[in-house]
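A.B. asks: Structure provided below as structure tokens; questions to follow.
Given below as structure tokens:
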């Protein structure tokens, strides 16, 4: 079996290449059914239905974004009422400084809600994905560069409780994986 | 999913029922995933073409003119512009609203068409979003600089000023600060998020060390694992969901700058929807203005940005142009029906006053010219499309000029009347912003993938995990 990376470094996992989205999808279904936990499929674009094929639940990001938006909203409420009603009440254009002035406060509440939600969506996504990072064991494999072009990959990590190099290699071979390779760290 | 499988090639001979559900392919000539990466990346990776240097030779000097005149404005004072009493807002705010409106098409394509599952958007969204950002950059110059003493612009930030007075959060001008800065920030985030997988493609294709470093850092270590795509797609969906009300709110808030005043001709409730429709109208015209030449230079892009795309964008221009036309007529009707003599006079002066030429230019460019798009011939012949969309481009500028300058020039009392004449600084600064816009766009074409590669790959028939399997 091929191996890449520093052979004395610990094994990250075993990876296999697939040539189309359909084969990858069916391979994912079988890996899921075999009970692996620490594995992933890699593709140039998101594949519809792959979450179910891998047995993954819906992303939790939406909940974080809700909290981010709530923070933005409360920031605006505090900023607007805090300054206009408490710190320095000032009647401008005949608008009151109490609760009745709230319609004029809506735009800023709305904008800050959106702003903090968007920040949470982007940075929350990066944190959940373990990004940014400058390197990864998979990048030791030259063929893996095609993952952003038109090739599809599966990697089963050595951390998986069911991992053993021989059985994983045979299993990936039985799924139709090509160029099965052991990935070492640096 | 059902849409994607409908475009897949069926296993057996087509039945009459099958034929009905097969959609025309979004990418022509059966281009493969490899071709998409190769071609789009080659635009970035290849030798810099001569036309690029020639174009930059025009836009960079214009940008420098813009920057020099802004320095002149800051060092001398806002009086170098033609703004006066009563026309205190003139070309500055006209140009601000003009540029910010252009940005709206990009967000509409990236967010609203995403939520409504319009898959044809994938080949135009990247360039349109870039256009949004650059248009907002050009727009931002004007409100920041028209305050006169720009070093006091921090008064707009939510911190107390030297006298411990806070901002007036009930002022539409402050809403505008929040709306435009939020719009710009969210647009940058949305654009960059969409770029990450494509930057990874460029990183993986790099041959030189410098490119590898730059694109490697920018790609943030993206690997394309499904555990990443899962959060990524959710983030993209959420950003689209957030941007949709945002884009509608930005031009609504811009219109509040006028609508919440008591000036006749401004104080109307129709302004928010009318401004938003106009912004989308003008924005799509600008998208076509840029994309048609870009595809003429890079001819194979016609397989991605097809005539079908142009046709659909022309239909959107026709729709929004007609909404704008309706709004113009409704404004006139309400001015008459409302029986307010000042309101009636304001509209009378717009059409028959000293700025009649601006009003009728606006009417012709925005209401009459797009009607050609009722005919398929004009929607599918690129030269005609390009010529016709120049009318909305110009017309939307006239619209803002009509709303701002002609309204202020004819206030309540004739003693307060006056005319606005642009100075050479006004004119050259505005021309210079086109240089800035063009320069940024040329840099974008040269250094970043102008078509969203991963999204286009995802709409290919073979991207469907059930491609080639029998229909159920």
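Chains as they are written, first to last, in this note's numbering: chain A, 106 to 291; chain B, 35 to 506.
By construction, the Cβ of each residue, glycine as well, lies at the ideal position given by its N, Cα and C atoms.
Predicted model, so just to flag it, every value in this text is computed and none were measured.
Report the rounded CA-to-CA distance for residue 215/A versus residue 245/A, giving the unit in angstroms.
C.D. replies: Distance between the alpha carbons of residue 215/A and residue 245/A: 46 Å.
A.B. asks: Taking the continuous beta strand (DSSP E) assigned at residue 117/A, which residues delimit it?
C.D. replies: Its beta strand (DSSP E) spans residues 116-123.
A.B. asks: So, does the CB of residue 280/B fall closer than 8 Å to a CB anywhere in chain A?
C.D. replies: Yes, residue 280/B lies at the interface with chain A (some Cβ there is under 8 Å from its Cβ).
A.B. asks: Tell me, please, which residues DSSP counts as bridged to residue 145/A.
C.D. replies: Residue 145/A is bridged to 260/A.
A.B. asks: Give me the Cα-Cα distance between residue 256/A and residue 122/A, rounded to the nearest whole angstrom.
C.D. replies: C-alpha separation (whole angstroms): 7 Å.
A.B. asks: Can you tell me which of the three DSSP states residue 343/B falls into?
C.D. replies: Looking at residue 343/B - three-state DSSP - the assignment turns out to be helix.
A.B. asks: Measuring alpha carbon to alpha carbon, tell me which residue in 427/B, 226/B, 284/B, 101/B is nearest residue 319/B.
C.D. replies: Residue 319/B has its Cα closest to that of 427/B, out of 427/B, 226/B, 284/B, 101/B.
A.B. asks: Which chain A residues are close to residue 218/B, counting only those with a beta carbon under 9 Å from its beta carbon?
C.D. replies: Simply none; closest approach about 10 Å.
A.B. asks: Can you tell me the Cα-Cα spacing of residue 237/B and residue 72/B, whole angstroms?
C.D. replies: So the two alpha carbons sit approximately 13 Å from each other.
A.B. asks: Out of 445/B, 301/B, 389/B, 269/B, state which residue places its alpha-carbon closest to the alpha-carbon of residue 233/A.
C.D. replies: Minimum Cα distance to residue 233/A is reached at 269/B.
A.B. asks: Grab the span of the beta strand (DSSP E) containing residue 265/B for me, first residue to last.
C.D. replies: No beta strand (DSSP E) contains residue 265/B, which is instead part of the alpha helix (DSSP H) from 260-293.
A.B. asks: Specify, as a first and last residue, the run of the beta strand (DSSP E) that residue 285/A falls within.
C.D. replies: Residue 285/A -> beta strand (DSSP E) spans 283-289.
A.B. asks: When DSSP labels each residue in this structure, what does residue 197/B get in the three-state scheme?
C.D. replies: If DSSP states are grouped into helix, strand and coil, residue 197/B belongs with coil.
A.B. asks: Is the shortest distance between the beta-carbon of residue 491/B and the beta-carbons of chain E less than 8 Å?
C.D. replies: Considering every chain present, this structure includes no chain E. Its protein chains are A and B.
A.B. asks: Quick one: any contact between the segment 351-365 of chain B and the segment 315-330 of chain B, if contact means 3 or more CB pairs under 8 Å?
C.D. replies: The segment 351-365 of chain B is in contact with the segment 315-330 of chain B.
A.B. asks: Between the segment 183-196 of chain B and the segment 155-167 of chain B, are three or more C-beta pairs nearer than 8 Å?
C.D. replies: Output reads no: the segment 155-167 of chain B does not touch the segment 183-196 of chain B.
A.B. asks: Using CA atoms only, rank isn't needed, just tell me which of 365/B, 170/B, 293/B, 196/B is closest to residue 206/B.
C.D. replies: When each option's Cα is compared against that of residue 206/B, the closest is 293/B.
A.B. asks: Beta carbons nearer than 7 Å to chain B: which residues of the segment 129-162 of chain A have them?
C.D. replies: Against chain B - using a Cβ distance shorter than 7 Å - the residues of the segment 129-162 of chain A are 130, 145, 146, 147, 148, 149, 150, 151, 152, 153, 154, 155, 156, 159, 161.
A.B. asks: Please classify residue 263/A as buried or exposed, where buried requires at least 16 neighbouring CB atoms within 10 angstroms.
C.D. replies: Classification for residue 263/A: buried.
A.B. asks: Which same chain residues, not among the five before or five after residue 394/B, have their C-beta less than 8 Å away from its C-beta?
C.D. replies: So the list reads 385, once near-sequence residues are dropped.
A.B. asks: Can the beta-carbon of residue 329/B be found closer than 8 Å to that of residue 413/B?
C.D. replies: Cβ atoms of residue 329/B and residue 413/B: not closer than 8 Å.
A.B. asks: Can you list, in chain order, the residues of the segment 242-269 of chain A whose Cβ is nearer than 7 Å to any Cβ on chain B?
C.D. replies: Going along the segment 242-269 of chain A in chain order, one finds 243, 250, 252, 253, 254, 255 with a Cβ nearer than 7 Å to chain B.
A.B. asks: Going by the beta-carbon positions, is the gap between residue 176/B and residue 127/B smaller than 8 Å?
C.D. replies: Against a cut-off of 8 Å, the Cβ pair of residue 127/B and residue 176/B comes out as a contact.
A.B. asks: Would you mind telling me which residues of chain A sit closer than 7 Å to residue 496/B, beta carbon to beta carbon, in chain order?
C.D. replies: Result: 125, 126.
A.B. asks: Can you give the Cα-Cα distance for residue 430/B and residue 120/B, rounded to whole angstroms?
C.D. replies: C-alpha separation (whole angstroms): 23 Å.
A.B. asks: In chain B, which residues lie with their C-beta within 8 Å of the C-beta of residue 116/A?
C.D. replies: Near residue 116/A there are no residues of chain B at all, since even the closest Cβ is about 18 Å away, more than 8 Å.
A.B. asks: Would you tell me roughly how many angstroms separate the C-alpha atoms of residue 289/A and residue 251/A, rounded to the nearest one?
C.D. replies: C-alpha separation (whole angstroms): 19 Å.
A.B. asks: Which residue comes first and which comes last in the beta strand (DSSP E) that contains residue 107/A?
C.D. replies: That run of the beta strand (DSSP E) goes 107-109.
A.B. asks: Helix, strand or coil for residue 168/A? Go by DSSP, reduced to three states.
C.D. replies: In this structure, residue 168/A counts as helix in the three-state DSSP scheme.
A.B. asks: So is residue 278/A buried or exposed if we call it buried at 16+ other beta carbons inside 10 Å?
C.D. replies: With fewer than 16 other Cβ atoms within 10 Å, it is exposed.
A.B. asks: State yes or no: is the beta carbon of residue 273/A nearer than 8 Å to at least one beta carbon in chain B?
C.D. replies: For residue 273/A, the answer is no, since every Cβ of chain B falls outside 8 Å of its Cβ.
A.B. asks: Going by beta carbon distance, what residues of the same chain come within less than 8 Å of residue 94/B, once the five residues before and after it are set aside?
C.D. replies: So the list reads 469, 473, once near-sequence residues are dropped.
A.B. asks: Is residue 269/B close to chain A, meaning its C-beta is less than 8 Å from at least one C-beta of that chain?
C.D. replies: Chain A, which has a Cβ nearer than 8 Å to the Cβ of residue 269/B, makes this yes.
A.B. asks: Give, in chain order, every unbroken run of the alpha helix (DSSP H) that is at least 4 residues long and sits entirely within the segment 350-420 of chain B.
C.D. replies: Listed in chain order, the complete alpha helix (DSSP H) runs (minimum 4 residues) inside the segment 350-420 of chain B are 375-386, 390-397, 410-414.
A.B. asks: Is there at least one Cβ from chain A nearer than 8 Å to residue 238/B's Cβ?
C.D. replies: Residue 238/B counts as touching chain A.
A.B. asks: Helix, strand or coil, according to DSSP, for residue 163/A in the structure here?
C.D. replies: Of the three classes helix, strand and coil, the one that applies to residue 163/A here is coil, per DSSP.
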